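Peer 1: Just add 1 to wherever you are in the sequence shown, counting from 1, and you've got this note's numbering.
Where is the CB? At the ideal position from N, CA and C, for every residue including glycine.
Predicted, not measured: the structure shown is a model, and the values here were computed from it.
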Amino acid sequence: MSKLLRKPNNQEIAQGVTLIHDVTSENSSLEYVGFKIIDLAPGATYTEELGKQECCIVAVTGRVNVSDREVTYENIGTRETVFEKQPTDSVYVSNDRVFEVEAVSGARVALCYSPSEKQLPTRLISASENGVEQRGTGNNKRMVHNILPDSDPSANSLLVVEVFTESGNWSSYPPHKHDQDNLPEESFLEETYYHEMNPSQGFVFQRVYTDDRSLDETMTVENGNVVIVPVGYHPVGVPEGYTSYYLNVMAGPKRIWKFHNDPDHEWILKR
Ligand SMILES: O=C(O)C[C@@H](O)[C@H](O)C(=O)CO
2 MSKLLRKPNN QEIAQGVTLI HDVTSENSSL EYVGFKIIDL APGATYTEEL
52 GKQECCIVAV TGRVNVSDRE VTYENIGTRE TVFEKQPTDS VYVSNDRVFE
102 VEAVSGARVA LCYSPSEKQL PTRLISASEN GVEQRGTGNN KRMVHNILPD
152 SDPSANSLLV VEVFTESGNW SSYPPHKHDQ DNLPEESFLE ETYYHEMNPS
202 QGFVFQRVYT DDRSLDETMT VENGNVVIVP VGYHPVGVPE GYTSYYLNVM
252 AGPKRIWKFH NDPDHEWILK R
């Protein structure tokens, strides 16, 4: 299996708390992005001391209370399944704080991390604040929920976005990359993809490749898998009959999403 592809882990780490994914700088090649998925049974609580990391807590499904021990946001989260296709609530918590997530109902929560030094206020990013964008034309149409875009100064490094791609369509396409710290042309941002499919037996294909093909991996990605994009172009193709959802976390030395399209395929945008 590719080193870039992670299958669900399902490790019970406390009563009612299951760690599904845990991508860290220790177990991956990523320096700027960390990512966890946890499942919580109703009433279960997950607590974490952040240290020198900031965190965006996304209520992927179900309802939760989130607290940084000073402020508590109650009953956040908006959907039973991501395929309701409505935005959800998230909470930004800065470095050197402790956070607690308590499940009101059964819940799946994404924890998106990046190294951070400067404390910022804890903030509820409510579903209604998500910028909803329809991108692309033809079989390149997809819908984006901007949870934490670079236009929102709430975070030091993190960028978080959800993408829905319908049956037979492509997203993160034409292929683009952001692996050079060379602004204003391109920014360096690592990225993770947390994927779901509807119906759940579906799969998508994701290719991660560089210009010189020193990295060139095409992965069959199934429901609940994570793909790690340390560098390179990273398009996603969705087979007929299935809808794709993914949650992207990006971070790098500068909090700007400035991508570079693969010149071989950029013509697709100009048709
Ligand atoms: O527009 C899309 O298809 C989504 C991508 O931009 C995705 O969020 C990404 O690749 C970010 O670099």
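#1: For G139, does the three-state DSSP call read helix, strand or coil?
#2: Between the C-alpha atoms of T221 and F204, what's the straight-line distance to the nearest angstrom?
#3: Measuring only the C-alpha atoms, how far is R214 from I14?
#4: Reducing DSSP to helix, strand and coil, say where E85 ends up.
#5: Does the segment 91 to 106 come close enough to the segment 47 to 55 that 3 or more CB-CB pairs lie under 8 Å?
#6: Can you tell me whether P236 is buried or exposed, with buried defined as 16 or more other CB within 10 angstroms of its CB?
#7: P116 lies in the beta strand (DSSP E); which residues open and close that run?
#8: Taking S30 as the reference, which of V65, N262, P231, G238 has the closest Cα?
#9: Take D69 as the anchor and find which of R80, I21, R124, A60 has the nearest alpha-carbon.
#10: Could you tell me the distance, in whole angstroms, from the CA atom of K259 to the CA atom of K178?
#11: What would DSSP say about A128, mapped onto helix, strand or coil?
#12: Kindly identify the DSSP beta-bridge partner or partners of F260.
#13: Between which two residues does the beta strand (DSSP E) harbouring T79 extend?
#14: Ordered along the chain, which non-local residues of its own chain (more than five positions away) have a Cβ less than 6 Å from that of E241?
#15: Hey, could you find the ends of the beta strand (DSSP E) G253 is sitting in?
#16: Helix, strand or coil for L20 per DSSP?
#17: Need the endpoints of the beta strand (DSSP E) that G35 sits in, please.
#18: Ends of the beta strand (DSSP E) at V205?
#19: Leaving out the 5 sequence neighbours to the left and right, which residues in its chain are closer than 6 Å to T25 when beta-carbon positions are compared?
Peer 2: In short:
#1: helix
#2: 7 Å
#3: 39 Å
#4: helix
#5: yes
#6: buried
#7: 108 to 116
#8: P231
#9: R124
#10: 9 Å
#11: helix
#12: Looking at the DSSP assignment, F260 forms no beta bridge with any residue, so it has no partner.
#13: Here T79 belongs to no beta strand (DSSP E), and DSSP marks it neither H nor E.
#14: S168, G169
#15: Per DSSP, G253 belongs to no beta strand (DSSP E) and is neither H nor E.
#16: strand
#17: 35 to 41
#18: 204 to 210
#19: G35
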